[in-house]
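Notes follow the structure.
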Amino acid sequence: MSSMMQGKVAIVTGAGGGIGRDIALAMAREGARLVVNDLGASMTGEGANAGPAQQVVDEIRAACGEAVANTDSVADAAAAQRIVTAALEAYGRLDVVVNNAGILRDRFFHKMSVDEFDAVVKVHLYGSYFVSRAAAPHFKEQEAGCYVHMTSTSGLIGNFGQANYAAAKLGIMALSKSIALDMHKFNVRSNCIAPFAWSRMIGSIPTETDAERARVERMKQMTPAKIAPLAVALASDEGRGVTGQVFAVRNNEIFLMSQPRPLRSVHRGEGWTPESVARHALPALAGSFYALDRSSDVFTWDPV
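Counting from 6, one number per residue, gives the positions in the sequence shown under my numbering.
Encoded structure:
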């Protein structure tokens, strides 16, 4: 085993499979002690199964690492507190939280139910908040800690049929930045990763046309293990100077993503009326308007 995270204790939510599993395994290989959290629910959030979390724990222990399983739901504040308590009871400290747990309930917006919106936001956005908030007092007290949150280009850029997921993921970016600002004086860091990876979370992508099938084959190159090195680096002491940032990982590519800043402005000394806005401001700004891009419109080349 390497030692990049030697002595650190990490919680990885949704670590029973996919990206979370590979992050947990990679952190264990680097010497971290793990709380492997996974409710064991279906991709859409139904049911529960202790098996996935325990299986990852068994893999870590078989490689001479240390890990305990936890099956609490991140979508409940009391349960999220129990996830943090599991780390403190097992190892006496907590250094890293990776907010990875998630579900999908894709539907075009005009057909999306309140339950479909609520369930996805509860797991992704509320879940990231609940676990982060439960860990915050311990990070503050020890004046050290690191959050790694999973966002998505569905929120950062856009995608069809994912208003619930996109809203939650863009919210996570803002949550991470707020944590980074509020806890910087306590040496607590917070960053986001937008992962491109083939997992059960995207395994339901349609494959009805030749173009769709070709796209899926390209996406299968992007294994969850490709995300883990960045997550480990950010969580380690080597990442101590990095906070408030948003990254994307696409196979062997790592991107630093932009954050909203003023792009262009117009000014009218006498102030604006609705008519002058319509006739002057909007036409003047129109050249800088963004198109209705989706993630695939921006990342147009094959994964490297």
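By construction, the Cβ of each residue, glycine as well, lies at the ideal position given by its N, Cα and C atoms.
Would you mind sorting C69 into buried or exposed? The rule is 16 or more other CB atoms within 10 Å of its CB.
-> Exposed is the call here.
Expressed to the nearest angstrom, what Euclidean distance is found between the alpha-carbon atoms of A46 and R38?
-> 24 Å
What are the residues that DSSP puts in a beta bridge with E150?
-> For the sequence presented, residue 150 should be read as Gly rather than Glu. Its beta-bridge partners are V193.
Give the secondary structure of M32 by DSSP, where H, G and I count as helix, E and B as strand, and everything else as coil.
-> helix
Where the alpha helix (DSSP H) through F252 begins and ends | F252 -> not in any alpha helix (DSSP H); beta strand (DSSP E) instead, spanning V251 to R255.
Around the C-beta of A202, are 16 or more other C-beta atoms found within 10 angstroms, so that it is buried, or is it exposed?
-> buried
Which one of T18, A53, K225 and M155 has the shortest CA to CA distance from I198?
-> M155
Local Cβ density within 10 Å of P229, reported as buried at 16 or more and exposed below that = buried
When F260, D307 and W277 are compared against Q226, the one with the closest alpha-carbon = D307
Burial state of L44, where buried means 16 or more other Cβ atoms lie within 10 Å | buried
Who are Q167's beta bridge partners in DSSP?
-> R112
Taking 8 Å as the threshold, find out whether the region 247-256 comes into contact with the region 21-28 through three or more Cβ pairs.
-> As far as the Cβ criterion goes, the region 247-256 does not touch the region 21-28, which means the pair count is below three.
Using the C-alpha atoms, what's the distance from T305 back to A219?
-> 13 Å
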